[in-house]
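J.: Sequential numbering of the sequence shown, starting at 488, is according to this note's numbering.
Here a beta-carbon is modelled for each residue, glycine too, at the ideal position from N, C-alpha and C.
Owing to the predicted nature of the structure, the values given are computational and were not obtained by experimental measurement.
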Amino acid sequence: MSRDPSQLARLAAERQVTVADVPFGALLVAHLESRTTGALRARRGPVDKRVVLERGVPVDCRSNLLHETLSRYLVSIGRIDEASANTCLAESAWRGAQIGEILIQKGLIDAHELTRVLQQNLAKKLLDLFTWPDGEVALEDAAPPSTFSLKLRVPQLVLTGVTRFMPQAAIERALAPLSGVPLVRNPHRMALLEELRLAPAEAALLEALARPRRREELAHTADAEA
488 MSRDPSQLAR LAAERQVTVA DVPFGALLVA HLESRTTGAL RARRGPVDKR VVLERGVPVD
548 CRSNLLHETL SRYLVSIGRI DEASANTCLA ESAWRGAQIG EILIQKGLID AHELTRVLQQ
608 NLAKKLLDLF TWPDGEVALE DAAPPSTFSL KLRVPQLVLT GVTRFMPQAA IERALAPLSG
668 VPLVRNPHRM ALLEELRLAP AEAALLEALA RPRRREELAH TADAEA
């Protein structure tokens with residue numbers, strides 16, 4: 488399935504899609520293009536995530552996976568120890584306060600670092616969705632957060648998700664309809680390139696798309712740069 492503007496608009500309007508049919512990266516691009524404010528509810532078996540979008544940009548992700556909570560993430564990167572995490576989590580629960588607020592009050596982290604680790608943890612939770620071979624994603628109505636919003640670079644997130652996390656079988660399935668179809672850079676979306684940090688091979692591939700090329704030709708370019 489190609490992703491021209493009209494198809495992206497239709498995809499963003501879908502109330503529910505399956506991950507097998509619509510890769511999560513394509514869904515993010517569609518909602519960025521449509522500047523959607525709402526939520527994407529992703530479910531796969533017992534796993535449940537709710538991604539909040541503000542004008543197409545993910546600003547929050549609530550997950551029922553224990554290791555994706557902020558306290559567990561801070562433990563996993565060695566920023567706080569297990570005992571501190573449990574103490575802050577318990578205090579957050581009985582006070583009804585955000586755990587980030589507790590961490591700052593206890594001097595375990597400052598506001599600047601809190602914002603940084605919240606962004607890192609948000610990206611980690613979203614990148615996990617690129618690994619899903621199946622599941623469903625539903626579009627829900629949701630107001631943007633009333634507190635400060637985290638901001639991620641969606642183009643970079645999608646590039647990282649596809650190149651480092653998406654299963655090869657899912658990539659091949661998504662590319663299959665493009666076999667033999669000439670591909671070229673979209674001149675109306677060149678501003679998005681400013682948000683990308685490209686590896687040399689990725690930059691060479693993008694340069695090759697300055698003129699129409701088929702997927703098979705691009706594969707030779709990628710092999711030459713490898």
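For N608, I'd like the list of residues in its chain whose CB is within less than 8 Å of its CB, leaving aside the five on either flank, ordered along the chain.
T.: Hits under 8 Å: E555, L557 and Y560.
J.: K612: buried (16+ other C-beta within 10 angstroms of its C-beta) or exposed?
T.: With 16 or more other Cβ atoms within 10 Å, it is buried.
J.: Please state if the CB of R528 and the CB of E627 are separated by a distance shorter than 7 Å.
T.: Yes, Cβ-Cβ distance for E627 and R528 is below 7 Å.
J.: Checking 7 Å against the spacing of the C-beta atoms, do V516 and L637 come in under that value?
T.: Taking 7 Å as the Cβ cut-off, V516 and L637 do not qualify as a contacting pair.
J.: Can you name the start and end residues of the alpha helix (DSSP H) that Q655 belongs to?
T.: Taken as a continuous stretch (DSSP letters only), the alpha helix (DSSP H) holding Q655 covers Q655 to L662.
J.: Give me the residue from A577, R684, V604 and N673 with the minimum Cα distance to L696.
T.: Ranking A577, R684, V604 and N673 by Cα distance to L696 puts N673 first.
J.: Just how far apart, CA to CA, sit L665 and R531?
T.: In a straight line, the C-alpha of L665 is about 28 Å away from that of R531.
J.: Starting from P669, follow the beta strand (DSSP E) in both directions and report where the run begins and ends.
T.: Careful: P669 lies outside any beta strand (DSSP E) and carries neither H nor E.
J.: So, under 8 Å CB-CB, A496 and H518 are touching, yes? Tell me the CB distance rounded to an integer number of Å.
T.: Wrong, their Cβ atoms sit about 10 Å apart, outside the cutoff.
J.: Return the CA-CA distance between P654 and V506, expressed in angstroms with no decimal places.
T.: One C-alpha to the other measures close to 12 Å.
J.: With burial defined as no fewer than 16 other Cβ atoms inside 10 Å of the residue's Cβ, what is the status of I589: buried or exposed?
T.: Classification for I589: buried.
J.: In chain order, which alpha helix (DSSP H) runs of at least 4 residues are fully inside the segment 594-644?
T.: Complete alpha helix (DSSP H) runs here, min 4: 598-617.
J.: Leaving out five residues on either side along the sequence, give the residues of the same chain with a beta carbon under 7 Å from the beta carbon of L552.
T.: Excluding residues within five positions, the ones whose Cβ falls inside 7 Å are V534.
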